[in-house]
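Residue numbers (our numbering), protein chains in the order written: chain A, 86 to 347; chain B, 29 to 299.
We put the CB at the ideal spot given by N, CA and C, even for glycine.
This is the structure in structure tokens:
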């Protein structure tokens, strides 16, 4: 009998599976954080999670709302200053995977979290780069997880906040001391990987019950599919149970913190 | 030696209209009490620096204190937009706000360079990003030894640094615990500094490698209990995540925001 699961759960479980025990992962907030902690609570109990607030090797019991929740510090092996985090641990070459989310992504996996529209007259102002621009170049590789929609998957991002492979796919060529860049993009519909030659994102695996048409419809460019298109394995009962417990714990925790006047 | 002052006097004495002010605390120990005092004293034309503007700058921008913002991530963490910041950038309300944006790595480096008394910070950064196209403070230099192209940005040297910390002893030495962020760097980089603390104690109880700012490196200390709320102070109170979520609704609308500001800031004096 097959299990019932949502597209979001499929995305989180698939993103979690990309992490292994031997990785040192610099974790972005939101979907990457959910996936990284799911990995830690299932198949990769020894994965090292690092958040930009300075918390090294952290094991939060609930998902943090911000990258600096107390939970992260109290469950960390140690906490370093923010300059040390970016200079020694990230730029120094100790991070194997940067795990990022985004507002917009294009066919060369460039990420935009800065704005929609023109820079001086933005239609929608987004938060900005944060840690991502240097995570994407100083980590040995980058995983991206984001919901698939035509608004998010655009042919060319309005602004390259964080480089994937540049406007022409060649931005990393001949640059010394730079990571491999995005190696996988996990959405709620499919898995995409950059073409080894052109670096354009190609769909390599469709999630269960998702069609090629669904992906074409949700992508803002003429998306290509791999010749050997696979079907992503469905979540297991254990993965779903751990994910749902984690989310329930998290929701209860963030709702219970005393609210009201400052 | 640091001068002990009530918060009201510390702000009035050391923060002037037009100053460059950096109020730091990376998600943890955000100096909200000091921010509210700045709003009450109606300081104007400030250049505000903060890696993550957070709710504290959203409130100060909405209250009309800022003319310029230097930052690296301007969102409500885990929730969404800072609506007052967006309103100022997109619509110029309550006044036009000039922005200069960096990445976190660059700002962390710039604070550290400021603390080290250097004119610039050098990092392996901004490769392939469009940020250097919109921020003329980002340049590239060639390493004189290897020829590698590296990013260079000016160090941050604010007029005033404002931070919150767990406690000070009676001589004015300050202990910071938990996520220490760039608390030490910003104080050492600034010409003047105001440190608010949860409490003033006889003995800091600091371990040998603890993050301690000596009294002689600080300008003024003010006691402000719960002065980091709704952010948090490790060992004292938790982050009020529910308020961070509620802020989205409060700040989305100008009238709701102004009503909140009146009731929670203007009609409440410094503790």
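Going along the chain, which residues of its own chain have a beta-carbon closer than 6 Å to the beta-carbon of residue i, five neighbours each way excluded?
| i | result |
| --- | --- |
| residue 153/A | 138 |
| residue 118/A | 112 and 148 |
| residue 258/B | 268 and 271 |
| residue 305/A | 235, 238, 239 and 240 |
| residue 208/B | 239 |
| residue 208/A | 201 and 202 |
| residue 150/B | 178 and 180 |
| residue 50/B | 77, 186, 189 and 214 |
| residue 101/A | 120, 123 and 124 |
| residue 335/A | 147 and 148 |
| residue 116/B | 89 and 125 |
| residue 98/A | 320 and 324 |
Using the DSSP secondary-structure output, state which residues sit across from residue i in a beta bridge.
| i | result |
| --- | --- |
| residue 104/B | 108/B |
| residue 164/A | 140/A |
| residue 129/B | 99/B |
| residue 305/A | 239/A |
| residue 110/A | 134/A and 182/A |
| residue 189/B | 50/B and 221/B |
| residue 287/A | 278/A and 309/A |
| residue 197/B | 229/B |
| residue 227/A | 183/A and 267/A |
| residue 315/A | 290/A |
| residue 202/A | 207/A |
I'd like the list of long-range same chain contacts for residue i, defined as Cβ closer than 7 Å, with 5 residues on each side in sequence excluded.
| i | result |
| --- | --- |
| residue 327/A | 123, 126 and 127 |
| residue 136/A | 112, 143, 152 and 157 |
| residue 292/B | none |
| residue 91/B | 67 and 289 |
| residue 198/B | 228 and 230 |
| residue 191/A | 239, 240, 241 and 242 |
| residue 93/B | 66, 67, 71, 72 and 74 |
| residue 299/A | 274 |
| residue 301/A | 308 |
| residue 183/A | 111, 220, 221, 224 and 227 |
In or out: residue i buried (at least 16 other Cβ within 10 Å) or exposed?
| i | result |
| --- | --- |
| residue 171/B | exposed |
| residue 45/B | exposed |
| residue 135/B | buried |
| residue 131/A | exposed |
| residue 176/A | buried |
| residue 174/A | buried |
| residue 212/B | buried |
| residue 195/A | buried |
| residue 313/A | exposed |
| residue 295/B | exposed |
| residue 29/B | exposed |
| residue 171/A | buried |
| residue 169/B | exposed |
| residue 264/A | buried |
| residue 275/B | buried |
| residue 186/A | buried |
| residue 281/B | exposed |
Whose C-beta lies closer than 8 Å to the C-beta of residue i among residues of the same chain, with five residues either side of it excluded?
| i | result |
| --- | --- |
| residue 211/A | 188, 197, 198, 199, 200 and 201 |
| residue 163/B | 128, 129 and 130 |
| residue 345/A | Here residue 345/A scores only 38 on pLDDT, less than 50, and its place in the model should not be relied on; the value that follows carries that caveat. Closer than 8 Å at Cβ, skipping near neighbours: no residue. |
| residue 277/B | 284 |
| residue 225/B | 192, 193, 194, 195, 196, 202, 249, 250, 251, 252 and 255 |
What are the residues in the region 212-229 of chain B lying within 9 Å of chain A by C-beta distance? When CB distances to chain A are screened at a threshold of 9 Å, the residues of the region 212-229 of chain B falling below it are 212 and 213, in chain order.
Specify whether the region 149-168 of chain B and the region 204-224 of chain A touch according to this definition: at least 3 beta carbon pairs, one from each stretch, less than 8 Å apart. Three or more beta-carbon pairs drawn from the region 149-168 of chain B and the region 204-224 of chain A are found closer than 8 Å, and the two stretches are therefore classed as touching.
Cβ pair count under 8 Å reaching 3, the region 245-264 of chain B against the region 49-62 of chain B: Under the Cβ criterion (8 Å, minimum of three pairs), the region 245-264 of chain B counts as touching the region 49-62 of chain B.
Does the structure place the region 67-77 of chain B close enough to the region 224-239 of chain B that three or more beta carbon pairs sit under 8 Å? Short answer: they don't touch.
Under 8 Å (Cβ pairs) to chain B, residues found in the region 254-278 of chain A: Within the region 254-278 of chain A, the residues whose Cβ lies closer than 8 Å to some Cβ of chain B are 256, 257, 260, 261, 262 and 263, listed in chain order.
Should the region 239-248 of chain B be regarded as contacting the region 195-212 of chain B, the criterion being three or more beta carbon pairs within less than 8 Å? Between the region 239-248 of chain B and the region 195-212 of chain B, the count of Cβ pairs shorter than 8 Å is three or higher; the stretches touch.
Evaluate the contact criterion for the region 308-321 of chain A versus the region 290-297 of chain A: three or more CB pairs, one atom per stretch, below 8 Å. They touch, by the three-pair rule.
Would you list, in chain order, the members of the region 238-249 of chain B that have their beta-carbon closer than 7 Å to a beta-carbon of chain A? Within the region 238-249 of chain B, no residue qualifies.
If you measure beta-carbon to beta-carbon, which residues of the region 197-218 of chain A are closer than 7 Å to chain B? Result list: 204, 207, 210, 212, 213, 214, 215, 216 and 218.
For the 8 Å Cβ check, are there 3 or more pairs between the region 224-232 of chain A and the region 281-288 of chain A? No, because fewer than three Cβ pairs between the region 224-232 of chain A and the region 281-288 of chain A fall closer than 8 Å, the two stretches do not touch.
What residues in the region 145-161 of chain A bring their beta carbon closer than 7 Å to a beta carbon of chain B? Sequence-ordered contacts of the region 145-161 of chain A with chain B read 150, 151, 152, 153, 154, 155 and 158 [C-beta pairs closer than 7 Å].
Indicate whether the contact test is met: 3 or more Cβ pairs, each with one atom in the region 107-118 of chain B and one in the region 81-90 of chain B, closer than 8 Å. Contact holds: three or more Cβ-Cβ distances are below 8 Å.
Are three or more beta carbon pairs between the region 140-154 of chain B and the region 97-107 of chain B nearer than 8 Å? With the cut-off at 8 Å, the region 140-154 of chain B and the region 97-107 of chain B do not touch.
The region 88-95 of chain A in contact with the region 252-269 of chain A per 3-pair CB rule at 8 Å: As far as the Cβ criterion goes, the region 88-95 of chain A does not touch the region 252-269 of chain A, which means the pair count is below three.
Give me the subset of the region 164-181 of chain A whose CB atoms are less than 9 Å from a CB atom of chain B, sorted by chain position. Closer than 9 Å at the C-beta level to chain B, one finds these residues of the region 164-181 of chain A: 164, 165, 166, 167, 168, 169, 170, 171, 172, 175 and 176.
Would you list, in chain order, the members of the region 237-256 of chain A that have their beta-carbon closer than 7 Å to a beta-carbon of chain B? Look at the region 237-256 of chain A: the residues with a C-beta under 7 Å from a C-beta of chain B are 244, 245, 246, 247, 248, 251 and 256.
Near-chain A residues of the region 135-159 of chain B (beta-carbon distance less than 8 Å), N- to C-terminal order: Answer in chain order: 136, 137, 139, 140, 151, 152, 153, 154, 155, 156, 157, 158 and 159.
Within 8 Å of chain B by C-beta, residues of the region 119-142 of chain A in sequence order: Identification of residues in the region 119-142 of chain A having a C-beta nearer than 8 Å to some C-beta of chain B yields 137, 138, 139 and 140, given in sequence order.
Cβ-based contacts, 8 Å cut-off: residues of the region 94-119 of chain A near chain B: Per Cβ criterion, the list reads 114 and 115.
Contacting positions in the region 289-323 of chain A - beta carbon closer than 7 Å to chain B: Of all residues in the region 289-323 of chain A, none places a beta-carbon less than 7 Å from a beta-carbon of chain B.
Would you list, in chain order, the members of the region 219-236 of chain A that have their beta-carbon closer than 9 Å to a beta-carbon of chain B? Listed in sequence order: 219, 220, 221, 222 and 223.
Taking only beta carbons into account, state which residues of the region 44-75 of chain B come closer than 7 Å to chain A, listed in chain order. Those residues of the region 44-75 of chain B placed with their C-beta closer than 7 Å to a C-beta in chain A are 54, 55, 56 and 60, ordered along the chain.
Under 7 Å, CB to CB, which of the residues in the region 167-186 of chain B have a partner in chain A? Going along the region 167-186 of chain B in chain order, one finds 176 with a Cβ nearer than 7 Å to chain A.
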